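Q: So the number in this note's numbering is just where the residue sits in the first sequence, counting from 1, plus 4.
Where a beta carbon is used, it is the ideal one built from N, C-alpha and C, also for glycine.
In this text the structure is predicted, and so the values were computed from the model without any measurement.
Following this message is one structure expressed as structure tokens.
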Amino acid sequence: MQRTRIRNMLAEETGGPILLKGWVRTRRDAKGFSFLEINDGSCLANAQAVVDHTPELSAALEGATTGAAVAVEGELVASPAAGQKWEVRAKSILIYGCADPETFPLQKKRHSDEFLRGIAHLRPRTNKYGAMLRVRSEMALAVHEFFRARGFFYVHAPILTGSDCEGAGEMFRVSNLEAEQAARLSPELREAAEFFGRPAGLTVSGQLEAELMALALGDVYTFGPTFRAENSNTPKHAAEFWMVEPEMAFANLADDMDTAEALVKHLAGHVLTHCAEDVALFGKYVDPTLIPTLEGIVAQPFARITHAQAIAELRASGRAFEFPVHETSDLQTEHERYLCEERYKRPVIVYDYPKEIKAFYMRLNDDGKTVAAMDLLVPRIGELCGGSQREERLDVLARRMTELDLPEEPYAWYLDTRRYGSAPHAGFGMGFERLLMLVTGIANIRDVIPFPRTPGHLEF
RNA sequence: UCCCCGGUAGCUCAAUCGGCAGAGCGGGUGGCUGUUAACCACUAGGUUCGCGGUUCAAGUCCGUGCCGGGGAGCCA
5 MQRTRIRNML
15 AEETGGPILL
25 KGWVRTRRDA
35 KGFSFLEIND
45 GSCLANAQAV
55 VDHTPELSAA
65 LEGATTGAAV
75 AVEGELVASP
85 AAGQKWEVRA
95 KSILIYGCAD
105 PETFPLQKKR
115 HSDEFLRGIA
125 HLRPRTNKYG
135 AMLRVRSEMA
145 LAVHEFFRAR
155 GFFYVHAPIL
165 TGSDCEGAGE
175 MFRVSNLEAE
185 QAARLSPELR
195 EAAEFFGRPA
205 GLTVSGQLEA
215 ELMALALGDV
225 YTFGPTFRAE
235 NSNTPKHAAE
245 FWMVEPEMAF
255 ANLADDMDTA
265 EALVKHLAGH
275 VLTHCAEDVA
285 LFGKYVDPTL
295 IPTLEGIVAQ
305 PFARITHAQA
315 IAELRASGRA
325 FEFPVHETSD
335 LQTEHERYLC
345 EERYKRPVIV
355 YDYPKEIKAF
365 YMRLNDDGKT
375 VAAMDLLVPR
385 IGELCGGSQR
395 EERLDVLARR
405 MTELDLPEEP
415 YAWYLDTRRY
425 GSAPHAGFGM
435 GFERLLMLVT
445 GIANIRDVIP
455 FPRTPGHLEF
């Protein structure tokens, strides 16, 4: 007999013979029979099995403790009690794998996120992390759905790279040499001995490569792992994370902002309609403001203000910020939160930043002082997307690189795109885990990725 | 990397001014005719993070190390 997934069982119209396979969440014993709650990961809900204390079933029940993997074969019948539509009257139970109740760390109670991080190999079996993983999968598909519907092509940027994208972050070095062996070599010999014949690293961004492909395919996006060796110890930074990076030819900053806003709206709407049960769990136990926040994101246009306007707003607020507001400085976390959570109470896109605080490839505005950059800020998290119109004018780009003391040689291929058939284009990066924090209400990035990598942590 | 806070039973936490180490949950045993984080009774369970110091006496005070969390910076 084929097993039925609990998600499908719940949608059954009629009862009948059924086989469930999953993990025991809890067992409640009464005189003469027991209730066994089973979860198979297909959805948040458990299936309730009613198990009479016959000699054979009693023997099997001994091993059916919290955490055990089991198969339950029986009859799907309407449940006489409130709480569930269906239940399974068990005829036979098979224990695939026991879970010693003395040592199995997951209990029938809520655990702290901190404790669960220490058992990241088992936490997917909890309601909260199971829900997070289902939402994560659904959101990844929704990203593809969004871009596909708009004619974007999904491109794969390399993960191993020989170029440091202008220091979007510190790179992890990649080498096949033994550390002691490498240390004995002179720099020249070492370079020659390296697998690639040159220093290599893990990508900090697929942007430069995405630009090249946008200038051929029109509209493209990358969606892959990204690595930053920054010693950041915060709830919104990880050393390994996933990033979505669209890049659009013949697009300006306004198009860029439109796309970012549409993407975030699409994803917020998608999670509400396609992950309703899991979102309800997050709304109930993780963040009571979650569902209204997501509904607001879908319904209201985002605020759009220039960096200069943002500075003016902050000054007009009369707030005593810990960090003073300055025309040529970036917004501090407290400034972002004020704008998003208090002044506008919705996502805010800040654009036209002073060129001093932004990267070399961002397009210089006609004022000669600002660049066509934008950050999409969301409540609680801060920067969700960061992007810009790219500098497509070879002479301006070269001048900016000189100003910033960047050597042209390593970027020759990048500059070539401005030499041959250059075109206006724009793009942005969206941190996928930050998006998940937004749509689940989960407050720490370490809890929206299965196995978080942060400074000092490479477990599992 | 800087600042702040914390580390006590398997988990979440309490322990007054330095004075006998505690609760709830979880586990075990027994009970209960339909439970829903079941319920009731009983029970086991401790290097109070490590090291050093002060004291008649340290979970509590001091020093130091390790680990964790929050805030900041860097950013997505």
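1. Are the beta-carbon atoms belonging to residue 242 and residue 458 less than 8 Å from one another?
2. Name the one or two DSSP bridge partners that residue 206 has.
3. What residue range does the beta strand (DSSP E) around residue 307 cover?
4. Do residue 90 and residue 83 come within 8 Å of each other at the CB atom, strictly closer than that value?
5. In whole angstroms, what is the alpha-carbon distance linking residue 340 and residue 182?
6. Which residue from 312, 373, 369, 381 puts its Cα closest to that of residue 346?
7. Between residue 303 and residue 352, is the Cβ-Cβ spacing less than 8 Å?
8. Can you tell me whether DSSP reads residue 63 as helix, strand or coil?
9. Cα-Cα, which of 305, 336, 343, 194 is closest to residue 320?
10. To the nearest angstrom, how far is the alpha carbon of residue 223 from that of residue 261?
11. Going by beta-carbon coordinates alone, are residue 94 and residue 61 separated by less than 8 Å?
12. Does residue 122 pass the burial test, meaning 16 or more other C-beta atoms within 10 Å, or should it be called exposed?
13. From the DSSP output, which residues share a beta bridge with residue 242?
14. Look at the alpha carbon of residue 133 and the alpha carbon of residue 103, and state the distance between them as a whole number of angstroms.
15. Only counting the same chain, and skipping five residues up and downstream in sequence, which positions put a Cβ closer than 7 Å to that of residue 269?
16. Would you decide whether residue 418 is buried or exposed? Buried here means 16 or more other CB atoms lie within 10 Å of its CB.
17. Give the DSSP-derived three-state secondary structure of residue 131 in the structure shown.
18. Give every residue of the same chain whose Cβ lies closer than 6 Å to the Cβ of residue 235, excluding the five residues on either side of it in the sequence, and list them in chain order.
19. Flag this pair as yes or no: are the beta carbons of residue 431 and residue 251 separated by less than 8 Å?
20. For the alpha helix (DSSP H) containing residue 465, list its first residue and its last residue.
21. Suppose the cutoff is 8 Å on Cβ atoms and the five residues either side in sequence are ignored; what does the same chain contact list for residue 429 look like?
22. Please work out which residues of its chain come closer than 8 Å, Cβ to Cβ, to residue 266, disregarding the five sequence neighbours upstream and downstream, and give them in chain order.
23. Do the stretch 225–235 and the stretch 146–166 meet, that is, are 3 or more Cβ pairs less than 8 Å apart?
24. When we look at the beta-carbon of residue 400 and count the other beta-carbons within 10 Å, is it buried (16 or more) or exposed?
25. So what's residue 175 in DSSP terms, helix, strand or just coil?
26. Report all residues from its chain with a CB closer than 8 Å to the CB of residue 237; omit the five preceding and five following residues, and keep chain order.
27. Residue 50 to residue 67, Cα distance in whole Å?
28. Going by beta-carbon coordinates alone, are residue 378 and residue 348 separated by less than 8 Å?
29. With distance defined between alpha-carbon atoms, name the residue in 15, 248, 126 nearest to residue 455.
30. Kindly list the residues whose CB is nearer than 8 Å to the CB of residue 130, restricted to its own chain and excluding five residues on each side of it in sequence; keep chain order.
31. With H, G and I counted as helix, E and B as strand and the rest as coil, what does DSSP make of residue 386?
32. Taking DSSP as the reference, what is the three-state secondary structure of residue 139?
33. Closest to residue 469 by C-alpha separation, out of 79, 70, 156, would be which residue?
34. Which residues bound the beta strand (DSSP E) around residue 52?
35. Along the chain, where does the beta strand (DSSP E) that runs through residue 23 open and close?
A: Based on what the coordinates show:
1. Within the first sequence, residue 242 is the residue found at index 238, counting from 1. Within the first sequence, residue 458 is the residue found at index 454, counting from 1. In contact: residue 242 and residue 458 (Cβ atoms closer than 8 Å).
2. Counting from 1 along the first sequence, the entry for residue 206 is found at position 202. Checking the DSSP bridge columns, you'll see residue 206 partnered with 164.
3. Sequence index remark: in the first sequence, residue 307 carries index 303 (1-based). Start and end: 307–310.
4. In the first sequence, residue 83 corresponds to position 79, counting from 1. In the first sequence, residue 90 corresponds to position 86, counting from 1. Going by C-beta atoms, residue 83 is nearer than 8 Å to residue 90.
5. Numbered from 1 along the first sequence, position 336 holds the residue referred to as residue 340. Numbered from 1 along the first sequence, position 178 holds the residue referred to as residue 182. Residue 340 and residue 182: Cα-Cα distance of roughly 45 Å.
6. The residue labelled residue 346 in the question sits at position 342 within the first sequence. Among 312, 373, 369, 381, the Cα nearest to that of residue 346 belongs to 381.
7. In the first sequence, the residue the question calls residue 303 occupies position 299. In the first sequence, the residue the question calls residue 352 occupies position 348. Cβ atoms of residue 303 and residue 352: not closer than 8 Å.
8. Locating residue 63 in the first sequence gives position 59, where the first residue counts as 1. Residue state, collapsed to three classes: helix.
9. Stepping through the first sequence from its first residue, residue 320 is reached at position 316. Out of 305, 336, 343, 194, 343 has the C-alpha closest to the C-alpha of residue 320.
10. Your numbering for residue 223 matches position 219 in the first sequence. Your numbering for residue 261 matches position 257 in the first sequence. Counting only the Cα atoms, residue 261 lies some 15 Å from residue 223.
11. Taking the first sequence and counting its residues from 1, the one referred to as residue 94 is at position 90. Taking the first sequence and counting its residues from 1, the one referred to as residue 61 is at position 57. In this structure, residue 94 places its C-beta atom within 8 Å of the C-beta atom of residue 61.
12. Position 118 of the first sequence holds residue 122. The residue in question, residue 122, is exposed, as its Cβ has fewer than 16 Cβ neighbours within 10 Å.
13. Looking up residue 242 in the first sequence gives position 238. Answer is none; residue 242 lacks a bridge partner.
14. To locate residue 133, count along the first sequence from 1; it is residue 129. To locate residue 103, count along the first sequence from 1; it is residue 99. Approximately 19 Å between the Cα atoms of the pair.
15. Sequence index remark: in the first sequence, residue 269 carries index 265 (1-based). Excluding positions up to five away in sequence, the list reads 301, 302.
16. Looking up residue 418 in the first sequence gives position 414. Within a 10 Å sphere around the beta-carbon of residue 418 sit 16 or more other beta-carbons, which makes this residue buried.
17. Working through the first sequence from its first residue, we reach residue 131 at position 127. In the structure shown, the three-state DSSP call for residue 131 is helix.
18. Within the first sequence, the letter at position 231 stands for residue 235. Contacts found: 459.
19. In the first sequence, counting from the first residue as 1, residue 431 sits at position 427. In the first sequence, counting from the first residue as 1, residue 251 sits at position 247. Closer than 8 Å, so yes.
20. Residue 465 cannot be examined here, being either before or after the span of the chain that is shown, 5 to 464.
21. For the purposes of this step, residue 429 is identified with residue 425 of the first sequence, where counting begins at 1. Listed in chain order, the non-local C-beta contacts of residue 429 below 8 Å within the same chain comprise 215, 218, 219, 251, 252, 253, 254, 255, 393, 394, 396, local neighbours out to five positions each way being set aside.
22. Position 262 of the first sequence, counted from the start, is the residue given in the question as residue 266. Within the same chain, and ignoring the five residues on either side of residue 266 in sequence, the residues whose Cβ sits closer than 8 Å to its Cβ are 150.
23. Taking 8 Å as the limit for Cβ pairs, the verdict is that the stretch 146–166 does touch the stretch 225–235.
24. The residue you call residue 400 lines up with position 396 of the first sequence. Under the 10 Å beta carbon count, residue 400 is surrounded by fewer than 16 other beta carbons and is classified as exposed.
25. Here residue 175 corresponds to residue number 171 of the first sequence, with the count starting at 1. DSSP, reduced to helix, strand and coil, places residue 175 outside both helices and strands of the structure shown, so it counts as coil.
26. Here residue 237 corresponds to residue number 233 of the first sequence, with the count starting at 1. Once the five neighbours on either side are set aside, the close Cβ partners of residue 237 are 458, 459.
27. On the first sequence, residue 50 is found 46 positions in, with the first residue counted as 1. On the first sequence, residue 67 is found 63 positions in, with the first residue counted as 1. Taking C-alpha positions only, residue 50 is separated from residue 67 by approximately 19 Å.
28. Reading the first sequence from its first residue, position 374 is the one you call residue 378. Reading the first sequence from its first residue, position 344 is the one you call residue 348. The criterion of a C-beta distance shorter than 8 Å is not satisfied by residue 378 and residue 348.
29. Taking the first sequence and counting its residues from 1, one reaches residue 455 at position 451. Shortest Cα-Cα distance from residue 455 to any of 15, 248, 126 involves 126.
30. Here residue 130 is taken as the residue at index 126 of the first sequence, counted from 1. By the criterion of a C-beta distance shorter than 8 Å, residue 130 is surrounded in its chain by 110, 115, 120, once the five residues flanking it on both sides are discounted.
31. Indexing the first sequence from 1 puts residue 386 at position 382. Annotated three-state conformation of residue 386 is strand, per DSSP.
32. The count along the first sequence starts at 1 and reaches residue 139 at position 135. Three-state result, residue 139: helix.
33. In the structure as shown, the chain starts at 5 and stops at 464, and residue 469 therefore has no counterpart that could be examined.
34. Numbered from 1 along the first sequence, position 48 holds the residue referred to as residue 52. From DSSP, the beta strand (DSSP E) with residue 52 extends over 51–56.
35. In the first sequence, the residue the question calls residue 23 occupies position 19. DSSP places residue 23 in the uninterrupted beta strand (DSSP E) bounded by 20–33.
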